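Step one of this worksheet: look at the structure below.
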Amino acid sequence: MKKILVLYGSPMPRETSISTILMDYFVKEYQESHPEDEIISLDLNMEPMSTLPLTSANLGSFYNEELSDKYINLLKSVDKVIMNAPMINFNVPATVKNFFDRISVANKTFSYKYAKNGSSIGLLDHLKIQIIATQGAPLGWYPWASHVNYLEGIWNFLGAKVNPTVLLDGVKAEPLNTKSKQELLELKKNELASLAKEF
Ligand SMILES: Cc1cc2nc3c(=O)[nH]c(=O)nc-3n(C[C@H](O)[C@H](O)[C@H](O)COP(=O)(O)O)c2cc1C
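Take the sequence shown: its letters are residues -4 to 194, numbered as in the numbering used here.
The following block contains the structure:
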């Protein structure tokens, strides 16, 4: 039996969030093909940790047991993470960034000790990650912005093995902006189902 952490990272309301609808479908498909696995959910919107950014006033206490170790230990206790994230102002939502600020801790989730050429060694190398992302603009409109690159990059940096990301781009532009949520899900169902089966 494997333990799966489902991280809700969209600031949009759960019932209408496109990335959440896609992720919930992925999780449903995953559960059908892995019925013995245990699913744990964490909504970053509900976690005080993920709404408190790092500032000069809290640097000394930022990596404390309750707000940092708790989530690092959670990640160490699971085998796989499924997370969703829309692009917000050309990046991940602030809750998601704050989560990575809390869990990116030297000698806990990564180490520079044996690294060469400025690289590091990720200590979360037991984890498999599935990212499900959305963005309003079609891919390529703003080539300098990629929340997907950031997410894949930081999980890799932390040692995790990242599955191919599911990205639904262009939801705020033609032709997708007139489609219903169900129609948008239909566009990604096959991709989500086949990745979920193999995850
Ligand atoms: C406050 C806000 C900022 C956004 N910023 C961007 C952006 O910078 N680039 C982009 O392509 N889409 C942007 N979008 C569009 C969202 O990525 C898109 O609507 C997404 O589907 C919303 O999240 P959801 O998939 O969880 O519903 C933004 C949406 C909101 C509400």
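By construction, the Cβ of each residue, glycine as well, lies at the ideal position given by its N, Cα and C atoms.
In this text, all values refer to a predicted model and were calculated from it rather than measured experimentally.
To the nearest angstrom, how far is the alpha carbon of residue i from that of residue j?
i: residue 13; j: residue 174; result: 11 Å
i: residue 184; j: residue 31; result: 23 Å
i: residue 42; j: residue 145; result: 22 Å
i: residue 62; j: residue 135; result: 36 Å
i: residue 57; j: residue 49; result: 7 Å
i: residue 170; j: residue 21; result: 24 Å
Of the choices the options, whose alpha-carbon is the least far from that of residue i?
i: residue 137; options: 183, 84 and 171; result: 84
i: residue 7; options: 28, 128, 150 and 22; result: 128
i: residue 177; options: 79, 4 and 19; result: 19
i: residue 64; options: 166, 94 and 125; result: 94
i: residue 71; options: 108, 90, 161 and 117; result: 117
i: residue 9; options: 51, 25, 80 and 50; result: 80
By Cβ distance below 7 Å, which residues in the same chain neighbour residue i in space, the five residues on each side in sequence not counted?
i: residue 67; result: 98, 100, 103 and 104
i: residue 160; result: 126, 128, 143 and 147
Any heavy atom of ligand 2 closer than 6 Å to the CB of residue i?
i: residue 8; result: Questions concerning ligand 2 fall outside what the structure shown contains, since the ligands it does hold are ligand 1.
By Cβ distance below 8 Å, which residues in the same chain neighbour residue i in space, the five residues on each side in sequence not counted?
i: residue -4; result: 31, 32 and 33
Below 8 Å on the Cβ atoms is my guess for residue i versus residue j; work out the distance and round it to an integer in Å.
i: residue 73; j: residue -2; result: 4 Å
i: residue 115; j: residue 106; result: 6 Å
So, at 6 Å on beta carbons, what are the nonlocal neighbours of residue i in its own chain, with the 5 sequence-adjacent residues on each side left out?
i: residue 16; result: 176 and 180
i: residue 120; result: 154
i: residue 124; result: 76, 150, 155 and 157
i: residue 54; result: none
Decide if residue i is buried, meaning its Cβ has at least 16 other Cβ atoms within 10 Å, or exposed.
i: residue 168; result: exposed
i: residue 149; result: buried
i: residue 147; result: buried
i: residue 126; result: buried
i: residue 36; result: exposed
i: residue 189; result: exposed
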